[in-house]
Each structure stands twice: as C-alpha cells, then as structure tokens.
Amino acid sequence: MTAVKSQEASSSNSPCSYHVFLSFRGEDTRKTFTDHLYAALVRAGFRTFRDDDGIERGEDIKSELQKAIQESRISIVVFSKDYASSSWCLDELVMILNCKRTSKHMVLPVFYDVDPSQVRKQMGCFEEAFSRHEQRFEGETVERKKEGKGKVEVWREALREVANLAGMNLPNQADGYESRFIQKIIKVIEDKLSRTVLDIAPYPIGIHSRSENIQLWLEDGSTDVGIAAICGMGGIGKTTIAKYLYNLNLSRFEGSSFLANVREIAKQQDGLIRLQRQLLSDILNGRKEKIYSVDEGIIKIRDSICGKKVLIVLDDVEKRDQLDTVLGMCDWIFPGSKIVITTRHEGLLKNIEVSKVYRLEILDSEESLKLFSLHAFGQNHPIDDYMEASEKVVNHCGGLPLAIKILGSSLSGKPLNIWKSQLEKLKTIPDSEIFKKLRLSYDSLQDDHDKELFLHVACFFVGKDKDLSVTILDGCDFYAMVGIQNLIDRCLLTVDKSNKLVMHHLLQEMGKEIVRRESSKEPGERSRLWNSKDSINVLKENMGTRKIEGLIVDMHLLKKDDSPLEFFGVNRKRSFEEVINKSSLSNVWNSVKRFRFDIFYYQSLGTAPGISNPVVLETEAFSRMHKLKLLQLYHVRMNGSYEKFPKGLRWLCWHGFHFKYIPSDFPLKSLVALDMRYSSLTNIFSETQVLELLKILDLSHSHNLANTPNFSKLPNLERLILIDCAMLFEVHESIGYLERLVLLNLKDCKNMKKLPRSMAMVKSLEMLDISGCSNLEEFPKQIWNLQSLTVLNVDGITINQSLSTGGEIKAWHSYIQPPLLKLRKTPEISWAALPRSLARLSLANCNLSEDAFPRDFSNLSSLQVLDLSDNPIRSLPDFIRGLMGLQTLCVKSCTRLQSLTGLPKIEELVIGHNTLLEKITFLPNPHRLTTLSSSIYDFDNLVEFMGLFKLEPIEKVDDAIVNNLGFSILRSRCIPAVKLYSSLTHTLLRKLPLQGCHEEHIFCVFLPGSKVPPWFSVTNIGSSISFVVPSLLNFRIQGLCVCSVYEFCNVYDCEPHTIISNTTKSLVWIHRPLVFGIPEADENMIWLSYWKFENQLEGGDELNVSVVGGEGFQVKEVGVRIVYKEEQEEKSSIQIQSTSEAAASQQIILYGNVVPGTVSAQPARLNFYRLGTHYRNCRYCPLSYGDPKSQ
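Right under this line is the structure:
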C-alpha cells in the first residue's frame, strides 16, 4: 500500500525522540507506582515521555500525544482500577494500538492492581466504568448517541486487543512487591530495546511484495513450531529479505537470533560451535555460555529456549549438519516459535518438515531500472542522456539485485564513454565482483562430476530440451539425470514448462568465465569453445588441442551484434491491455503450444538465416581434438577428408549442411544425437551404416530430402524429427523395427501421401505429430495398437471420420462441400480406434463441427488436453462433458463459436478471437479453472463468464437487488443504451440496453448521469468519503451501496476500482470491475454498486470509501448508503454522520480471489480482500504497497 508504506518508512526512519511512552490513569498512580516506574526508567537511561511534563500548556494536546507515541519505540500501558473511567486514557490507548499496527512500535501492558481478564472482558471495575460511559451518551441527541456507542465499541476492542498481548502482572510476577516488579519491567524494556535491528539494503525495492507471504506466515498465530525456507540463486536477495522480516517481527517473540553467513562460519575451526554460542548469547540477551562440543551446545540451547517463543534465522545454509545445530532439538522448541532458513541449496530441505518454501523471483524491468538508478544516480530514474545505456546495463543484470547494485554503484558519477566501454567489456568478461559472489554456488557443488556438468550446460545446453540434454550428456559419460537435479537443487538451473533448461544469464556467464580462465590468452587450450570468433580463430590457425571437448561455430551470430541477452524491455510501458497478463489466470497459451509444437523439437525453428559468404573450414583443423564430443556448426562448409576427424563425437549439430549426403568417411559410430536441420540432404548416407548408439535424428527443414534411411540400421533410435521436409512422400517401412522409438514428428511434410503400415508395430511410440500433412491420403488403421501413445497432433488435416465408437462408419465428406471432395482423397480415422492411453489430442483447423464427434468418447478417459482451435463449432461438443480427466481445453479462433455451456471441471481454458462467443458456464460441480489464456481479444458479444461476471438486462434483475440500490425507478425510466468496456477481454462491447453486472457478490450498474441520487445520505465532492456507521436497534446491516460520478478521456489509461476500508476492524476490500461504462463525449457516468456484507460491518465502525482509476479517470462525486436488513419494509431513511476524511490505513496487503459467499468470504491475506478474479497490481491503487511499482 503506497500510503501505508510511506507511513511505515517515515516512522521507522524518523529519529526516536523517546524510548518509552508511559500511559497511565493519573488519579490512580501518578504519585505512586507510575512515579517510581518513571524514575527507574530514567535512571536506566531510557528517555521516557509522560503527559504531565512532556506537553507545554496551550499546545494541541491530542496531536502532541500522538506525535510522542509515534516518536517512541515502546509504550508501557499501566492498567489500574479506575483506568477505564477516563475517556482520555481510552483514546490514548487507541492511538497507541494504531501506532503499533502501522509501525514497529511495541506495547507492554502492565496490570498494576487489576487482572488481565478484567481488562479483556471488561468485568468488575471496568464493567462499571463502561456502564457510566454508555449512560453518559443516553442523554445526547440521536446522532451523538450513535457516535458515542460507536466510540465505546472501539474502546472495548482496544482493551481486548491489548489484554491479549504479552504483559506484566504485579501479583503473578513479583508477589505484590512493587520495587521488584519495577525492576522486572526495566529488564523487559532493556531486552526489547537492546535487540539489534539489522542493517538492510538502502533501497528496498521489491522487498515488500516478495516478503508479504512470509510475513503472513510469521503472523499466523500458530502454536506449532514453524520452519520456512527462502530459496534462490546467489545475489537474488535472500539475506536482505530475511533481515527485513527479522527486523519487522523480532518484537513479536520473547527471544530472537539472526545467524548470518552460516556457510562460511561453519567452514572455520569450531565453526558450528561458534554459531551455537552466538545463538545462545542472543537468546540469553548477551550472556556468554561456554560450549565445548556441538552436542553440548544443542543441550544448552534446548534448555534456554524450551520456555520461550523465539524467532531464529539461519542465513545461507549449505549443509544438513548446519541445520542440525538448531533443528536437532526442534521437538523442544517452544510452541509458536518460528525458524527461517535462507539457502541456495533447496535440496537439503527434502528430509526436513518445512512448513513453507519461498522461491524468490528476480526483479521485473521497472523495479530493476529503479534500483539501478538509485545506485547510479541517487534518484528513481536515469538522468538525461543515460537512459539507453542504463537500460542495457539493467538488461545485462537480468533482474538480479546483487548485479544491479554492483554495476550501478561502480558506474555512478562516470562519464558516458566509460559506461559504453564497460558495456563492451561485459560482453566478454563479467564483472569480477559479481563473478566472485556467484562462483560460490559453483564451488559448493559436491564433486567434480557436477562441476563439469554445470560447465557443459552453461556452454552448450541452456535453452535445450531437458530430455535431449540428458540423452546427450549420458552419452558423454555423465550421470545426467541426477547431476541436473543436483544443479536444480542448488538453484543453478531450472526447467521451464516447455521442458527447456533455463539458467540465469549471469550464472551462465559465470560458468563461461570459469572456462575462459582455463587459458585467457589461448582459446585452443580451453575445454569448451562457445564463442564463434574464438572457434574460428582456433580452426583457421589450426590451434586446436586435445583439451577441447565442445565447440560452436555459428556464422549467423557472427553477423549480429553480440549485445547482452535482453531479459525484458525496460522501456516497455505497461499498458491497460497488458494488465491481464499478470493475473492469477496466467498465460496458458504457451503451455498449450508445448504439446502442440514444442514437445516435438528442441529450439525455435523459424526460417533458416541466409549466409551470403559461408566460411569454409578445413577438416584437418579438427585432427588434434581427440576429446571433442560436442560439435555445433551453423551454416559452415567443410573441405577435406574426414579420416582424421575426431572419432568420439556424441552430438553433431550441423545446420545448413551443404552436401547431398553425409560423406562415407565421416565418423558417425559414436553419435548419440545427429541434428542436420536446414540441410541440402537428399539421402542421409551414401552407403548404409549401422549406428547402434544413435538415439536422436533431426532432419527438419531439409527441403530436398526424398528418402528416410533404413531404420533397421538405427536399432536404438528414440526420436525421429522430420519437420517441414517438403519433398518427403513416405517414411521407410523399416520404422516398424524401432522398438525404442518414442517420438515421431512429421509436421508440415506437405507432400507426405501415406504413413507406413508398419508404424502400428511401434508399440513404444508416445508422441506423434502429423499436423500440416495436408496431402495425407492414408493412415494406419491399426493405430489402436499404439497403446503407449499419449500425444497425437493432427492439426490442419481434413479427415474422413467414424462418428460411432461402435464401428459404424460415416464419411467426413458428407460434411464437406463437393468442390473440395474432387481435389483429393482424405484419410480415415475411427474415433473408436484412438488408443485409451491418449492424454493430449490436437485437432486444430480440421474443419470440425460439433456434430462430427460421437456423443460418447469413453475410450479417451485419460485425455487431459484437447485443442479444437480454428474449427467451425458453434457450441461445446457433447462428448467433452464426459471427459472427466480433461484439464486444458483450447478453442482459440473458433469464429462461429457462440457458447461454451456446461464445461467440465477443467484447469485451463484457452480462448481468443471468438467473436460470436456470448456465454461460458461450467457444470454444477465446483469448477477449478485457474488459468485463462492471455490473448483473449475480440469478444464484443461476451456477456457471461461463470465465476467472473454476468451481464443481465436491468428488467430481469432480482427486485431485491435493484431496491437495495434504491433504484427501482431504473425499470420505469427510458435510459439509452450504454457503452461497456470489458477489462477482461480488452473489448468495447456492443451497445446494450441498461445492464446490471453480477461479479463476485458485488452488483454494479452503469448509466449516464452527473449527480449522486438524493437517497445516498452521505456524499462528498471528490473521490473519497469517511464516516462512522450508525447503529440501529433491532436492525442488522445487510450491505453497502456506493455511488460515484466520473468522467474519463481515455479507456486505455483507466483502471477504475473501489476501495472500502474499515479502519476500526482493520479490514480492506478492493474491487476492480471486469466491465465498466464508457460515457459519451463531454458526458458523465454514474457507477452504482451494491456490496453484501455480514458481520464485517457493524455500527460504530469507521469507514473510508474511495473510487480511483488512473490518469484518464476522474471521479467528481461519491455517495454511500447503508442497507439494513429490514430497510425495505420500514422505508426508513438512514442518515450518517460524516467524519474526518483522514481514515487511518492499516498495514494489510496481498492478492487473491474470493470464493462464493459474501464479499469477505475468504481473505487473500489477513484482513485484506481483493475482489475480482482478474485483479492485477494496479498502478493507481493507493493501498497496494505490495505492488512493485509503488515502491
């Protein structure tokens, strides 16, 4: 929350005028107990405020008290018998608790001559005092009486809250001896104020949003001993966030310890014992204990913390024994204690009962540029002339805070020519300080095997398919599966949704720098050559050695500027249309493309780049590279004999191969993977060779390829990829002998006439793609034999279909226009023949109507993903409702689609460019949709999306809802059609008669108008209003009506939303409508909304209502109306007393959805509710301090 964040920052960074604020009832204890306590605090060196000598006469006493509270670190509240009789004391208590909620202010309740239960339950003398307060308001006017009762309830809640805090009770803790009791209080204050606040980053960009989930866990009040881990690569900010959370929460616990740099300390002599000593000293408030062994340390720590609720942070843990120094006695830790671990080694958590694991994300583009600018320029943005250079540096850093800080600081104050020189250097040599920090992760790998594997991946396999990489690396004598998992556990590597290996750019650079340092001057002496310039020089000068294990020559890259990898466009401004991309309904289309396309090959194909003058290399240059196993050549020509070519090649990737066949003397025997994409091959081999080790063969985009090899000579082939082989008419029948083949990709082989009948014998086949084989005439009828087949892609093929699972055949051509039938013969597929093992089926662009499918698709009970995109279906085919295992449905670009009703319980729905679609609903069972495609455009007819919104003509809306708005006149008035904009689909809907919008238990109406209706009893010019909710005897609050009048100039610069803050109960609701009205030019629009509440809103609550929405959205007036349960029958008009506009915002934040129920049925975070499943981090939301853009 912007407002909250700035308040917190100011309070935490402002000078501390006082250590202690003393709150007490003067008539009870001023000259006795409180006077002695005050003197003891002063003697102990604590600057202490008490109201009788801290405020000068004539000053605004209340504001001075509030200032004194805010400028104190802790308040001591002395409860005595007559405390509750003083409204002044009770107001002061409310201020203290408000300060506690919005800052790091601590509160210590002291129960002098009353019991905590009397304070908590307002019994005894407290009950009598409150009776007098209530009686005092009885003689007031109706409005004053309501206001008074509201204030009394605020006091009661404050007493309940403070009585639940850990406090000091005179009879229990000192047997009634005041002097002893005061000394105990002094000791507690010393402990609380002497706890060291850790230094964190000077510019905490992104910290709030990335720590809010962990903060929620720390606040959850659980009595269990909780363990949370913060994981991520080096330099991503784990320690910074851990320090921030420690500072924020140490006052919640009776003891705390932050053990920094555990990994390095543990390496030192007696390092674990040193850590135990520090932990013990922290818990015992500085008292030193002698420890001579780890076991002794565990026992002493156990004895010290078994009766205390503690917060312990173990920072940068690498090994299990470092955890065991604390976690070894987890069973004895006091209930409610919390342990936080930061580590680069996520794998060590596998055998520990960790409550939460938080994987940190890199900074986004705006956060990165802001953080860099603060370090480089001392301001939030680059100075003039430095924007372009700044963006390049930020792109190089890839969102890593450590790198941004180091490079920003090092370039600060330097002229632009130095910046440009540094950028050129970074293309070849990484920054030494960043390299040193990141290399720690490499050095921590457990053995040389994993280190060598990491270097191989960094130099050659980033962006490659994991399965491909494992196959090749296994062929290079690695234990690739376990090795890659070890790298993942160490946060050095990840695998994305497309099964590609992903490594942060700077980690990859670190790995390459390790190799470069093997021989900085002589590239031929290095183990790996990935830089094409170095490779060309080595080959041309014939300087290759037996040390080289892998080599890349890419002529296309030599033609390009080797600019740093661009992780994100820093200058790319987030527009209104892009807001959808950051929702919990994430981008599913890429996920679906995975099974449609990416799973069948390993890199983006695109068009082969043309090389006008390809380099010609001599084969002799490779003759001394006896250890060469990985060779990648892109548009390179070779000249000479291959007799002396390295015999141990495992992976040959040669794009743009210029011969018609592979020379007979080329050493292929050791090959595991052969990738000859974009080649000139007509046949693969001039003479048949037996390649027993070959597992992967990729000849995609070889447009002259006329024949496939005899597969009996490739007995262990697992993947055959022949994408876009335009001259290929058929596949050799010997494919039936491949007992290990799992993938066959014939995508876009447009001249393919038939598939080999023997293919039905390949019972190991799991993935088959024949999409785009538009001339296919015959398909193996024995496809049902492929019982391992899980993925089938037949996009773009017109097929004769069997419409009955019972075997009754009805030709597809009965649905096709006669001219098309004359063109070619089409293949037949029987639905009943599809194997039961099928999990993913893509039938995009097959000219299918909903009638083309059988009603029963029970043979596809395992189907999880179905793609029917680009088909002329008008409604949901019946069979889909029976696919109970379906998880993803894609109907993108079905331009005739009018409705999707009765969808099964799916997780992902991919829609887009469905111009006629009006309605999306689900079966009665609770749907589990979690992902919606990001490209949902062209929906100007969509009026209902179950679970999100529903537009309904106002005359059909339930009478009770319309009456709650006080707008039954709507049905009788002649109101012109209103333009509505859908922020879900980024579409201006067709003009409709007046509509009501049902959305997440909020009902909205948009209509032309320039004035809040008179029955809204509280109004205010501007965008916000504050008031106290009145109480009515025998009436219960049912809901809240909000009315706003607005205008705007640009729909694409608007994010309208309503914020309701119940400051009394520390509750916040934010609603951003999926559909909102667009006023005509020079006109205004009225936005009416009804919010249904239950017990979240009561008489006496102080509310603040705001309507905001961005630069193009201006709110002119706001009105509020409370709806009571029996208001319709009584026809009563409730007047509300407006109060100060300044409502105290509470520190409450997070994101999430609200399930069916009232508007606060399920909070996204404690006391905070975001309404609207589509909700994004709004640029303009004053309550979104968790939004990175508000920091």
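Read in order, the letters of the sequence shown are residues 1 to 1191 in my numbering.
For every residue, glycine included, the Cβ atom is placed at its ideal position computed from N, Cα and C.
Just so you know, these numbers come straight off a predicted model, no measurement behind them.
message: Would Lys660 and Asn704 qualify as a contact pair, given that the criterion is a beta-carbon distance under 9 Å?
response: Position 660 of the sequence shown holds residue 660. Position 704 of the sequence shown holds residue 704. Their beta carbons are under 9 Å apart, which means Lys660 touches Asn704 by this criterion.
query: Could you give the distance in angstroms between the alpha-carbon of Glu907 and the alpha-carbon of Leu841?
result: Translated into positions along the sequence shown, residue 907 becomes position 907. Translated into positions along the sequence shown, residue 841 becomes position 841. If I take the Cα positions, the gap works out to 16 Å.
message: Which of the three DSSP states is assigned to His701 in this structure?
response: To locate residue 701, count along the sequence shown from 1; it is residue 701. Residue state, collapsed to three classes: coil.
query: Name the DSSP beta bridge partners of Leu1007, please?
result: Translated into the one-based positions of the sequence shown, residue 1007 becomes position 1007. DSSP output for Leu1007 lists Ile1086 as bridge partner(s).
message: Suppose you measure from the CA of Arg287 to the CA of Pro204; what does that come to, to the nearest Å?
response: Residue 287 sits at position 287 when you count from the first residue of the sequence shown. Residue 204 sits at position 204 when you count from the first residue of the sequence shown. Rounded to whole angstroms, Arg287 and Pro204 show a C-alpha spacing of 33 Å.
Paired residues, beta bridge with Asp295 - DSSP: Locating residue 295 in the sequence shown gives position 295, where the first residue counts as 1. Its beta-bridge partners do not exist; DSSP assigns none.
field: Glu1192: first and last residue of the uninterrupted beta strand (DSSP E) it sits in
entry: The shown model of the chain, from 1 to 1191, leaves out residue 1192, and the question about it has no answer.
message: Does the structure place the stretch 289-301 close enough to the stretch 344-351 that three or more beta carbon pairs sit under 8 Å?
response: no
message: Let me confirm a value: Phe111 is counted as buried when at least 16 other C-beta atoms fall within 10 Å, else exposed. Which label applies?
response: Here the question's residue 111 lines up with position 111 in the sequence shown. It is buried - the Cβ of Phe111 has at least 16 other Cβ atoms within 10 Å.
query: Using DSSP with H/G/I as helix, E/B as strand and the rest coil, what is Pro1202?
result: Nothing about residue 1202 can be reported from this structure: the residues present for the chain run from 1 to 1191 only.
- prompt: In three-state terms, what does DSSP make of His635?
  reply: Numbered from its first residue, the sequence shown carries residue 635 at position 635. In the structure shown, His635 sits in coil (DSSP, three-state: anything other than H, G, I, E or B).
task: Reducing DSSP to helix, strand and coil, say where Val119 ends up.
output: The count along the sequence shown starts at 1 and reaches residue 119 at position 119. In the structure shown, Val119 sits in a helix (DSSP, three-state: H, G or I).
- request: In the DSSP assignment, find the unbroken alpha helix (DSSP H) run with Val1029 in it and report its ends.
  value: The count along the sequence shown starts at 1 and reaches residue 1029 at position 1029. In this chain, Val1029 is not harboured by any alpha helix (DSSP H), its DSSP state being neither H nor E.
message: To the nearest angstrom, how far is the alpha carbon of Leu617 from that of Ser670?
response: Within the sequence shown, numbered from 1, the residue matching residue 617 stands at position 617. Within the sequence shown, numbered from 1, the residue matching residue 670 stands at position 670. Each residue's alpha carbon lies about 23 Å from the other.
message: Let me confirm a value: Asp321 is counted as buried when at least 16 other C-beta atoms fall within 10 Å, else exposed. Which label applies?
response: In the sequence shown, the residue the question calls residue 321 occupies position 321. Exposed is the call here.
message: Using 9 Å as the threshold, is the C-beta distance between Pro756 and Ile735 below it?
response: Looking up residue 756 in the sequence shown gives position 756. Looking up residue 735 in the sequence shown gives position 735. Cβ atoms of Pro756 and Ile735: closer than 9 Å.
Leu951 and Gly1077 closer than 9 Å at C-beta: Reading the sequence shown from its first residue, position 951 is the one you call residue 951. Reading the sequence shown from its first residue, position 1077 is the one you call residue 1077. Result no, Cβ atoms of Leu951 and Gly1077 do not sit closer than 9 Å.
Pairwise C-alpha distance: Ile1086 and Ser1031: Within the sequence shown, numbered from 1, the residue matching residue 1031 stands at position 1031. Within the sequence shown, numbered from 1, the residue matching residue 1086 stands at position 1086. The alpha-carbon separation between Ser1031 and Ile1086 amounts to approximately 28 Å.
message: Along the chain, where does the beta strand (DSSP E) containing Met106 start, and where does it finish?
response: Within the sequence shown, numbered from 1, the residue matching residue 106 stands at position 106. Note, Met106: beta strand (DSSP E), Met106 to Phe111.
Pair within 9 Å by beta-carbon distance, Leu897 and Ile873: As a working note, residue 897 is residue 897 in the sequence shown. As a working note, residue 873 is residue 873 in the sequence shown. Yes.
query: Are the beta-carbon atoms belonging to Ile684 and Ser700 less than 9 Å from one another?
result: In the sequence shown, counting from the first residue as 1, residue 684 sits at position 684. In the sequence shown, counting from the first residue as 1, residue 700 sits at position 700. Taking 9 Å as the Cβ cut-off, Ile684 and Ser700 do not qualify as a contacting pair.
query: Should the stretch 379-395 be called in touch with the stretch 219-227, which here means at least 3 C-beta pairs below 8 Å?
result: The stretch 379-395 vs the stretch 219-227: no contact.
query: Can you name the start and end residues of the beta strand (DSSP E) that Thr48 belongs to?
result: Numbered from its first residue, the sequence shown carries residue 48 at position 48. First-last of the beta strand (DSSP E) with Thr48: Thr48 to Arg50.
message: Can you check which of these residues, Met123, Val326 and Tyr358, is closest to Asn213 by C-alpha distance?
response: Here residue 213 refers to the residue found at position 213 when the sequence shown is read from its first residue. For Asn213, the closest of Met123, Val326 and Tyr358 by C-alpha to C-alpha distance is Tyr358.
task: Determine the direct distance from the alpha carbon of Arg836 to that of Ala760, and round the result to whole angstroms.
output: The count along the sequence shown starts at 1 and reaches residue 760 at position 760. The count along the sequence shown starts at 1 and reaches residue 836 at position 836. Distance between the alpha carbons of Ala760 and Arg836: 15 Å.
query: Does the separation of the CB atoms of Asp315 and Phe377 fall below 9 Å?
result: Residue 315 sits at position 315 when you count from the first residue of the sequence shown. Residue 377 sits at position 377 when you count from the first residue of the sequence shown. Contact flag unset, no.
query: How close, in whole Å, do the beta carbons of Ile472 and Ile434 come, if the pair is a contact with beta carbons under 8 Å?
result: The residue given as residue 472 occupies position 472 in the sequence shown. The residue given as residue 434 occupies position 434 in the sequence shown. In fact, because the Cβ distance is near 30 Å, the residues do not count as touching under 8 Å.
message: Here's the rule: buried if 16 or more other CB atoms are within 10 angstroms of the residue's CB, otherwise exposed. What is Ile783?
response: Taking the first residue of the sequence shown as 1, we reach residue 783 at position 783. Burial call: buried.
message: Between the alpha carbons of Thr607 and Lys1011, how many angstroms are there, rounded?
response: If you number the sequence shown from 1, residue 607 lands on position 607. If you number the sequence shown from 1, residue 1011 lands on position 1011. Here the model assigns Thr607 a pLDDT of 43, short of 50, so the residue's position is not dependable, and the following value carries that caveat. Approximately 60 Å between the Cα atoms of the pair.
task: Just the C-alpha distance for Asn710 and Phe461, rounded to the nearest angstrom, thanks.
output: As a working mapping, residue 710 is identified with position 710 in the sequence shown. As a working mapping, residue 461 is identified with position 461 in the sequence shown. Roughly 30 Å separates the two Cα atoms.
message: For Trp217, report the span of its beta strand (DSSP E) as first-last.
response: Taking the first residue of the sequence shown as 1, we reach residue 217 at position 217. That residue, Trp217, is in no beta strand (DSSP E); its alpha helix (DSSP H) goes Ile207 to Leu218.
message: Here's a check: name, in chain order, each residue in its chain whose Cβ is nearer than 8 Å to the Cβ of Lys713, leaving out the five neighbours to either side.
response: For the purposes of this step, residue 713 is taken as residue 713 along the sequence shown, with counting starting at 1. Closer than 8 Å at Cβ, skipping near neighbours: Thr688, Gln689, Val690 and Leu691.
Close-in-space but distant-in-sequence residues of the same chain around Tyr246 (CB under 8 Å, 5 per side omitted): On the sequence shown, position 246 is the one that residue 246 refers to. Cβ neighbours of Tyr246 beyond the five flanking positions: Leu198, Ser256, Phe258, Leu311, Val313 and Val340.
message: According to DSSP, simplified to helix, strand and coil, what is Trp530?
response: The count along the sequence shown starts at 1 and reaches residue 530 at position 530. Of the three classes helix, strand and coil, the one that applies to Trp530 here is coil, per DSSP.
- prompt: Just how far apart, CA to CA, sit Gly139 and Asn1104?
  reply: Counted from its first residue, the sequence shown places residue 139 at position 139. Counted from its first residue, the sequence shown places residue 1104 at position 1104. Roughly 29 Å separates the two Cα atoms.
Cα-Cα separation, Leu789 to Arg719: Along the sequence shown, read from residue 1 onward, the residue named residue 789 stands at position 789. Along the sequence shown, read from residue 1 onward, the residue named residue 719 stands at position 719. About 14 Å.
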